[in-house]
Structures are given as structure tokens and as C-alpha cells.
Amino acid sequence: MNETNPGKTTAIVAYITIVGCLIAITMNMEPKNAFARFHTRQAFGIHVLFHALAILLTYSGIVYLALPIYIFYFVLWIFGFLQVLNDKMKLLPVLGEYFQKWFTFIP
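Every position in the sequence shown, counted from 1, becomes a number in this note's numbering once 90 is added.
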């Protein structure tokens, strides 16, 4: 059995909304799993970015950017979720490397 299988459930939970991501963080406290940690950071980054952009667009009144933001979020989410299902640890395009650096507080 390889190391990715024990953390796969935690990684899947991480991609299910920001609440799922917070649950995944607690699920990966003990025992720690590198696969789960990697995907929890990626998913947390996707969710935080989406919510930050949604708040920014709401208060700025730039409504016409909403659809491209949703599409960007959905494409990143699908990419990350498929990596989990395929037991891969591939960084998200463009932002994945930053998410791994910024969210080092995720165990």
C-alpha cells in the first residue's frame, strides 16, 4: 500500500467547500499524511482565493467579472479534485506553488 491511500479521504474532503477544507485540516492532525497536506493546501488556496475575489467583486461593483471568476474557480477545483482521484500530487496551474508556500501553517 502506498502512502497516498491513507490521506485520500482527507484530500477529497478538503475540496468540498471551505468548511470541508477546515475539517480536512483537523483530520490530518494525527497521523500526518503528506498527500493530504499537499491537497489540503491546494484546496484551501482555491477556496480562499474564490471567497476573496467574490468579496472584492461584490464591494467594487464589477459584476461582469463574476462569470470568469466562477469559471476559473471551477477549472482549478476540477483539476485539483482529479489529481486526488488519480493519486497524484501535481501543483495547480499558476497558483499551486504559491499555495504550498503561503499555507505552511496547514499541518
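The beta-carbon is built from N, C-alpha and C at its ideal position, and this holds for glycine as well.
Per DSSP, the unbroken alpha helix (DSSP H) holding V165 starts and ends at A156 to L175. When secondary structure is reduced to three states using DSSP, V184 falls in the coil class, being assigned neither helix nor strand. Non-local C-beta neighbours of M119 in its own chain, meaning closer than 7 Å and more than five positions away in sequence, comprise P197, ordered along the chain. Y149 sits exposed, since fewer than 16 C-beta atoms from the chains shown fall within 10 Å of its C-beta. Distance from T130 to C111 at the Cβ level is roughly 6 Å; contact confirmed, criterion being Cβ atoms closer than 8 Å.
For the options V174, P121 and K180, the alpha carbon positioned closest to that of A104 is the one of V174. Setting aside the 5 residues that flank it on each side, M179 is surrounded in the same chain by F128, each with a C-beta closer than 6 Å to its C-beta; the list follows chain order. Where N95 is concerned, the enclosing alpha helix (DSSP H) starts and stops at T94 to A104.
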